[in-house]
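Report on one structure; see the data block that follows.
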Amino acid sequence: MADSPSGHGWASQVRDGDLLLVLNQNWTETEFDPSELVPMQALLEHGTWNSVRFEASQMGRLGSPLLAFLDSIRSMALRLNIRFDETGLPGPARKLMQLIPTAAPVAEATRRPVSFIEQLGQSVIDAGRELSASTRLIGQVILRSAAALRGQARLRKVDVLACLSEAGAGALPVVALVNVLVGGILAFVGAVELRRFGADIYVANLIGVAEIREMAPIMTAIVMSGRTGSAYAAQIATMQGTEELDALRVIGIPVDDYFILPRVTALSLMMPLLNLYAAAIGIFGGFCVAIAMLNLSPAVFLAQIEDAVTIPEVLFGIVKSFAFGAWVSISSCRIGLRAGRSTNDVGHAATSASVHGIVGVIIIDAVFAGCANALGI
Amino acid sequence: MAAAPNEPKIRVRDLKVSYAANVIQQGVSFEVKEGSIFAVMGASGSGKSTILRAMTGLLRPSGGTVCYGSLDYWSLSDSRREEIGRGFGVLFQGGALWSSMSAAENVALPLQMFTKLAPSSIDALVQVKLSLVGLQSGRDAMPSALSGGMRQRVGLARALALDPQVLFLDEPSAGLDPTSAKRFDDLIRDLRDGFGVTVVMVSHELPSLLGICDDGVFLDADRKTAIAHGAPLALREHSSDPAVQAFMTRATPIAPTHAPTGDANGPH
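So the protein sequences, as listed, match chains A and B.
Counted the way this note's numbering counts, the first sequence spans residues 1 to 377.
Counted the way this note's numbering counts, the second sequence spans residues 1 to 268.
Here's what the structure looks like:
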């Protein structure tokens, strides 16, 4: 060879028909460059070599880059039928090279690109499956609720009470905070606008009807979706990962009975109560702002509210809250059940439950609004 | 590279570790020679992993020193400790792989963060490291799709990512079947021989301790301190401490008064 190719940490020499690679310097990770293998490949392919040998008396620190370098040369030599003579390598390097198999690594299954139509079709199929699974879960919860009422479900009263407490009393502070502020904001906006028309007194109607029919149910459902729904999903997803649900199934305890039913029951029952509480707190918030901003007496405000809010509207809010509670709890549990087994899946399940819960609540509210309009409520 | 023989790489002096007021171990002293495989032994709950946490910068000791060479690790600034920490490779119990990344990505991350290598170089090094630990396939698999043994191997490849000078292994063969555990032990020894890395291994697996460890310290949960020093094999043969003997021979240290038959202190 006219030229003796070399690279960072190595130089080549010709010895008796063999290619001798002299290794020098340190082989640390800061100095490795696989592009240096390109001249090596050309050298091996264009020469007629009996073997590739090594001389390492000048070599510095052994690191993984040397192994990557040697492995590549060994693969090239194997392909070109050139003997790979590692006797000149330091003992530790020879030992480590024995750990790296000479055969080419098993190729990973290549992924075929998926077309847009295929993706769309797969999404529709997945959505159908999900709808089917969710419907099955809803049906199962209804059936098992009936069984629970007859005392035939495999659940513990203590779990149901703990869920009721967590979804009910545990949520009172945050529900109160959100709704007192929402009531105050409504009153403020109403006071500013209605005062221009001399209709101060109607701020009570605005607050009363808006809180009872819309704001209290929706705001409570959103808070509960973010607080309790995402917690349910994360809890169930974690139990998937730690095989706790498998442990229930394997001894014959239905997960629907033991785990899902207490949560769905708790949130569905607590949501209407939280809604009434939220409406009262919201009206109180509005009352405080209205009394402070407008020339209204407390007695007049309360009399106006009593006149404006009817029993059907209160019942409408309660029924809606029940639907919101059922949706948030069932969708969250379903998302938890279909989650994978990694910690990443737990975070994804919690986020997904929160988003599904809130979007679902808004959609259900729109359906209720349409129904209420048709029924004249 | 061959390590200078008999030179202490790590010196632990009078180490005290605790969680709040709960003292886990105190007065623990030992030296780890460069290029050796050192065992931190003891029964479950004796504080082995806690000692390891104090050595790897995860738990500040309540007292004592941990020195790497001439550097008192815990008296250094945070940035200096981080710098030294880059010379550590740590295999946690169960692998502790990052679940949102594939096996290859787990190994590649330290290289991407702490070297200026091109993606092609990182890819080549990841392939070598996974091959070294016996994973020729499955490099694109997510951790949740790997078996316990494979997760351990990927965890080891990740610990080796930056060619560490000290490799800390926390219960490396726990949960593995005897054959896999033996292979894993052989792999650790081969990597030590090949890279000359110093290995500190926390374990209560007797076959691993007796098979590959050159030296060690034995921690006792009741006395909350180190009660024996030496190679596991030597401790089994020569230690007169009943707790060490019981551990090394898998016997019960205190004879149960209600034992129906047999000698509770004798080897089983």
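Here a beta-carbon is modelled for each residue, glycine too, at the ideal position from N, C-alpha and C.
Every value quoted in this text rests on a predicted model; they were computed, and no experiment measured them.
Residue burial classification, residue i (beta-carbon count within 10 angstroms, cutoff 16)
| i | result |
| --- | --- |
| Arg112/A | exposed |
| Asp140/B | exposed |
| His356/A | buried |
| Ala279/A | buried |
| Glu237/B | exposed |
| Arg196/A | exposed |
Three-state secondary structure (DSSP) of residue i
| i | result |
| --- | --- |
| Ser29/B | strand |
| Phe92/B | coil |
| Asp33/A | coil |
| Pro207/B | helix |
| Ile377/A | coil |
| Gly35/B | coil |
| Ile142/A | helix |
| Met224/A | helix |
| Ser132/A | helix |
| Glu55/A | strand |
| Arg341/A | coil |
| Thr87/A | coil |
| Asn50/A | coil |
| Ser70/B | coil |
| Asn26/A | coil |
| His348/A | helix |
| Thr225/B | strand |
| Ser18/B | strand |
| Ser321/A | helix |
| Leu21/A | strand |
| Met113/B | helix |
| Val197/B | coil |
Residue-level contact to chain D via CB, residue i, 9 Å cutoff
| i | result |
| --- | --- |
| Gln127/B | The structure shown contains no chain D; its protein chains are A and B. |
Nearest-angstrom Cα separation, counted from residue j out to residue i
| i | j | result |
| --- | --- | --- |
| Val217/B | Ala226/B | 7 Å |
| Gln127/B | Ala157/B | 10 Å |
| Thr238/A | Ile260/A | 14 Å |
| Gly128/A | Ala148/A | 30 Å |
| Ala221/B | Arg13/B | 19 Å |
| Ala292/A | Ala350/A | 41 Å |
| Phe301/A | Ala133/A | 49 Å |
| Glu171/B | Ala54/B | 16 Å |
| Val361/A | Asn275/A | 14 Å |
| Leu177/A | Gly229/A | 19 Å |
| Met142/B | Ile251/A | 29 Å |
| Arg341/A | His348/A | 11 Å |
| Ala308/A | Gly226/A | 32 Å |
| Arg74/A | Ser131/B | 14 Å |
| Val17/B | Leu58/B | 11 Å |
| Leu267/A | Pro65/A | 58 Å |
| Ser120/B | Arg183/B | 30 Å |
| Pro90/A | Gly60/A | 11 Å |
| Glu243/A | Val346/A | 13 Å |
| Gln26/B | Gly175/B | 29 Å |
| Lys320/A | Pro217/A | 7 Å |
| Tyr258/A | Val160/A | 9 Å |
| Phe324/A | Ala339/A | 22 Å |
| Gln298/B | Arg86/B | Beyond the ends of chain B as shown, which are 1 and 268, falls residue 298/B; an answer cannot be given. |
| Gln140/A | Asp256/A | 7 Å |
| Leu67/A | Ile24/B | 42 Å |
| Lys95/A | Pro101/A | 12 Å |
For residue i, the nearest candidate out of the options (CA to CA)
| i | options | result |
| --- | --- | --- |
| Asp193/B | Met97/A, Lys320/A and Met215/A | Met97/A |
| Pro207/B | Arg223/B, Arg189/B, Val200/B and Asp185/B | Asp185/B |
| Val133/B | Thr115/B, Leu160/B and Gln112/B | Leu160/B |
| Pro173/A | Glu313/A, Gly282/A and Ile212/A | Gly282/A |
| Asp215/B | Ser18/B, Gln25/B, Tyr19/B and Phe30/B | Phe30/B |
| Ala234/A | Thr343/A, Val359/A and Ala326/A | Thr343/A |
| Ala290/A | Gly91/A, Asp200/A and Gly168/A | Asp200/A |
| Arg276/B | Gly336/A, Asn50/A, Leu99/A and Asn373/A | Any answer about residue 276/B is impossible in this case: the structure gives chain B only from 1 up to 268. |
| Gly94/B | Leu146/B, Lys129/B, Ala118/B and Val107/B | Leu146/B |
| Ile122/B | Ser137/B, Leu135/B, Ala104/B and Thr56/B | Ala104/B |
| Thr28/A | Gly9/A, Glu45/A, Ala247/A and Ile212/A | Gly9/A |
| Gly88/A | Val114/A, Ser123/A, Asn24/A and Pro312/A | Asn24/A |
| Met215/A | Asp126/A, Ala93/A and Phe316/A | Phe316/A |
Residue i Cβ short of 8 Å to the ligand MN heavy atom set
| i | result |
| --- | --- |
| His356/A | With respect to small molecules bound, the structure shown includes none, and the ligand MN cannot be examined in it. |
Q) Listed in chain order, which residues of the segment 313 to 347 of chain A have Cβ atoms closer than 7 Å to some Cβ of chain B? A) Gly340, Arg341, Ser342, Thr343 and Asn344
(Q) Counting only Cβ-Cβ distances shorter than 7 Å, please list the residues of the segment 53 to 65 of chain A near chain B, keeping chain order. (A) Arg61, Leu62, Gly63, Ser64 and Pro65
Q. Using a Cβ cut-off of 7 Å, which residues of the segment 228 to 252 of chain A contact any Cβ in chain B, in chain order?
A. Listed in sequence order: no entries.
Q) Just by C-beta distance, which residues in the segment 90 to 115 of chain B are closer than 8 Å to chain A? A) Ser99, Ser100, Leu111 and Thr115
(Q) Which residues of the segment 193 to 219 of chain B have a Cβ closer than 7 Å to any Cβ of chain A? Give them in chain order. (A) Asp193, Gly194, Phe195 and Gly196
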